[in-house]
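Peer 1:
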Amino acid sequence: MVTSSTEEISSTMVRQPIPIGVRIFDEIKRKRLEQTIRMFNKLKGDIWQLTPAGDAQVVIFSPEEAGGEVFLKSALDNNKIHPVIYAKKNNSTCPWFIDQAGGSLACMNTLADVFRSINKKKHKSTESSAENKSNDINPFINRIKSLTRSQIVYKNLLSIYVNVDSEEVCIEKPQLNSIALDKLRKVFETIGIGNIEVREISSSEFEEGKAKSSIADLSLSNFFWEMAINDKQASLFDETKASKYKLERWPNFTRLQHKYEHVVLAAFFRRFAADIDTASAKTGIPAEVVVSFLNATHLLGIEVIADENSISFTKEANLTPKAPKTVMQKVLGTLFKEKIH
Amino acid sequence: MAQLKIVFTGTVGAGKTQAVEALSEIPVLKTDVQATDEVVDLKDSTTIAMDYGEMAISDGETLAVYGTPGQKRFAYMWDILSRNALGIVILVNNSRKDPIEDLCVYVNNFKQHIENTTAVFGVTHLDKAKNPAEEMNKYYTFFEQQGYHYPVFPVDARKRNDVNVLVESLLAMLEVG
Amino acid sequence: MLLKKSGTQFNVDVIKSKLSEAIDRCDVMDAAAAVTIDGHLVAKIEARDCPVNRIASMGSSMMSLGDTMTAELKMGVCRNLIVENERGFLVLMHIRDDLILVTISHDKSSLGMLVSSSKICAESIRKAL
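Protein chains in written order, with numbering that gives the first Met the number 0: chain A, 0 to 340; chain B, 0 to 176; chain C, 0 to 128.
(1) Just to make sure I have the definition right: I need the residues of chain B whose C-beta is within less than 8 Å of the C-beta of residue 36 (chain C). Which are they?
(2) Residue 48 (chain A) by DSSP, collapsed to three states: which one?
(3) Could you have a look at residue 82 (chain A) and say whether DSSP puts it in helix, strand or coil?
(4) Could you check if residue 108 (chain C) is buried or exposed, using at least 16 other CB atoms within 10 Å of its CB as the buried criterion?
(5) Cα-Cα, which of A:225, A:164 and A:184 is closest to residue 202 (chain A)?
(6) Are the CB atoms of residue 56 (chain C) and residue 38 (chain C) within a distance shorter than 8 Å?
(7) Closer than 7 Å by C-beta to residue 318 (chain A): which residues in its own chain qualify, once you throw out the five before and the five after it? Chain order, please.
(8) Report yes if the C-beta distance between residue 165 (chain B) and residue 152 (chain B) is below 8 Å; otherwise report no.
(9) Among B:14, B:176, B:174 and B:128, which residue has its Cα nearest to the Cα of residue 88 (chain B)?
(10) Got a sec: which bits of the segment 87–106 of chain C sit with their beta carbon under 7 Å from any beta carbon on chain B, in order along the chain?
(11) Could one say the Cβ of residue 82 (chain B) lies closer than 8 Å to chain C's Cβ atoms, at least one of them?
(12) Report whether the distance from the Cβ of residue 130 (chain B) to the nearest heavy atom of the ligand NAP is below 7 Å.
(13) So for residue 90 (chain A), helix, strand or coil by DSSP?
(14) Alpha carbon to alpha carbon, what distance is there between residue 267 (chain A) and residue 212 (chain A)?
(15) Going along the chain, which unbroken runs of the beta strand (DSSP E) with 3 or more residues stay wholly within the segment 77–104 of chain C?
(16) In chain C, which residues lie less than 7 Å from residue 42 (chain B) when you measure between Cβ atoms?
(17) Would you say residue 160 (chain A) reaches chain B, if we count a Cβ-Cβ gap shorter than 8 Å as a contact?
(18) If we count the other Cβ atoms within 10 Å of its Cβ and call it buried at 16 or more, is residue 249 (chain A) buried or exposed?
(19) Any beta-carbon of chain B closer than 8 Å to the one on residue 10 (chain C)?
(20) For the segment 237–281 of chain A, list the alpha helix (DSSP H) runs that are entirely contained and at least 4 residues long, ordered along the chain.
(21) For the beta strand (DSSP E) containing residue 320 (chain A), list its first residue and its last residue.
(22) Return the residues of the segment 46–65 of chain C that lie within a Cβ-Cβ distance of less than 9 Å from chain B, sorted by chain order.
(23) By the three-class DSSP mapping on this structure, what secondary structure does residue 36 (chain B) have?
(24) Can you say whether residue 96 (chain C) is buried or exposed, counting buried as having 16 or more other CB atoms within 10 angstroms of its CB?
(25) Name the one or two DSSP bridge partners that residue 65 (chain B) has.
(26) Give, in chain order, every residue of the segment 73–106 of chain B whose Cβ lies closer than 7 Å to some Cβ of chain C.
(27) Evaluate residue 25 (chain C) with the Cβ neighbour count: other Cβ atoms within 10 Å of its Cβ, from every protein chain shown; 16 or more gives buried, anything less gives exposed.
(28) Name the residue from C:87, C:128 and C:126 whose alpha carbon lies nearest to the alpha carbon of residue 30 (chain C).
(29) Can you tell me which of the three DSSP states residue 132 (chain A) falls into?
(30) Mapping the DSSP letters down to three states, classify residue 11 (chain B) as helix, strand or coil.
(31) When you check each C-beta in the segment 298–321 of chain A against every C-beta of chain B, which residues fall closer than 8 Å?
(32) By a C-beta neighbour count over all protein chains shown, 10 Å radius and 16 as the cutoff for buried, is residue 323 (chain A) buried or exposed?
(33) Ignore the nearest five residues each way along the sequence and tell me which others in residue 13 (chain C)'s own chain have a CB closer than 7 Å to its CB.
(34) Where does residue 29 (chain B) land, buried or exposed, given buried means 16+ other C-beta within 10 angstroms?
(35) By Cβ distance, which residues of its chain are closer than 6 Å to residue 146 (chain A), with the 5 residues on each side in sequence left out?
(36) Can you give the beta carbon distance from residue 33 (chain C) to residue 124 (chain C), rounded, assuming they're within the 8 Å contact cut?
The following block contains the structure:
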């Protein structure tokens, strides 16, 4: 299901930039952040307007610096400011966090999430949909990311323990990794994010959970991929049908669970910038698969919204395969007759 | 009807023979001999003409899987083997001195074939690197700079799953055109 | 002079003198070269302009294919390969496991002589090494 929005990260639309301030006293760090914000604007259109922190709607700050803790408390109490923590670690309940060691890519990903969240709030305020039943994977993932240790639960069918710090993902019960993963996939495929609960747990609860779990052979980002790629009911992160997307790089399919259609989508979006409907029509892959693919690539940080310089795929154009489709089908049939997805 | 074939090429010791073996349903016909040069430090034998494997596909047809020799002095074989291939899989041995430079050699030599068909890249021997993710970033950045939309994956050429992904993405690239 | 690669050593001077002897003895032999099985040129003698540098690696590929085909057909050991051309012949044969002899003649009626002279040459190099 793809919802539409009147606001989007797109250079083609007219909208007001959001005032953003950097409340960092370390000059080198501040300049680096400001440079990243300018780069973000260059890539995705003028989303942000750099302003003094006092006038900003979004403020990047460090709790380790003088007055940082006080600032955070007042920002959390006052709903008008969106605080974004810039530090080595996020020890607070603040949902937005830029890992100091993560470079400009980490910073841009967080900024994109913040923008989408602000956008969504504006959009949602005009809707009557119940927030707690949202199928949007974005707040779901943000919640997991914001908690150091969490338990992901669906009735008594699924229980996963996640430790963001140590990057551990443990799936309860099945001793075999493949069974654990299959179970995980099935739940995300059929249940939908909206029905899955995320709760914060203590260190001892995590250790207890870990003891009765098999440790999945998954990095945290691959775990997020697993969730998103299997979530057939998800709406898009960037909730607009009109945006054109492209991939900055190929997902590492040697490690990520996938189907052939995801590989075709990667080839398509790596080559062309296109909106969901065009991608779906030209590749013959259902729109909901395109959405889950874009969500999953977004979580890996490799999906971008196309700028004017991208090669766009228009509705009138058609793909020009370099080999007959029958050849592809024959080879694929053989290649994967023993492969278990 | 022309034979359906794909070609694995790339640097010495990148795992081309292993990749062909991973895919082939028949014992691979090899032309490997004992190396007399510095290659002996890397492996016991080296391919000097081709590796040939086969996969049965439907209707009694077969998909031929060729592996080329790695060394540049055998470049004439690269051209012979890649004629009429569906696409080229280029494997790069990351443990060599300048793997990006190596990659360029193959991209240049197979330029025409790649333009007519497509290419997929696999980076091998990443386990020898201190930080494999950082090593992969070198390739992603290079591809970005060059404007290459071709897939590049970290692979273990001995693993059927990894080699499958290379072929799968080759087919997807052909499909998208 | 010794040609030393990482794994193998060849006495180039000895090989060269044997190739030279073969060309002196056989009028129709225009060029002779010893190449390693992995395609490196070890020594060559050219009686007339006959560029064999690039032939080294091609010769090793062909010899290897000959060996592979022979093994596939279970026909014992591949003794030699003969390439018959519009303007002469090319003969390839093993000197020993790691070395191949490539000889060339532009004489269209010389195949027998070229093959037998090549065999003698390969044998003399094998003994000398």
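Beta carbons: idealized from backbone N, C-alpha and C, even for Gly.
Peer 2: So, from the data block:
(1) 32, 33, 35 and 47
(2) strand
(3) strand
(4) exposed
(5) A:164
(6) yes
(7) 281
(8) yes
(9) B:14
(10) 97
(11) no
(12) The model on display carries no ligand, and the ligand NAP is accordingly not part of it.
(13) coil
(14) 38 Å
(15) 79–84, 87–95 and 98–104
(16) In chain order: nothing, as chain C lies at least about 11 Å away.
(17) no
(18) buried
(19) no
(20) 259–270
(21) Premise fails: residue 320 (chain A) is in no beta strand (DSSP E) and is neither H nor E.
(22) 53, 55, 56, 57, 59, 60, 61, 62, 63 and 64
(23) coil
(24) exposed
(25) B:6 and B:51
(26) 73, 75 and 76
(27) buried
(28) C:87
(29) Because residue 132 (chain A) sits at a pLDDT of 43, beneath the cut-off of 50, its placement in the model cannot be relied upon, and the point is left open.
(30) coil
(31) 318, 319, 320 and 321
(32) exposed
(33) 127 and 128
(34) buried
(35) 199
(36) 7 Å
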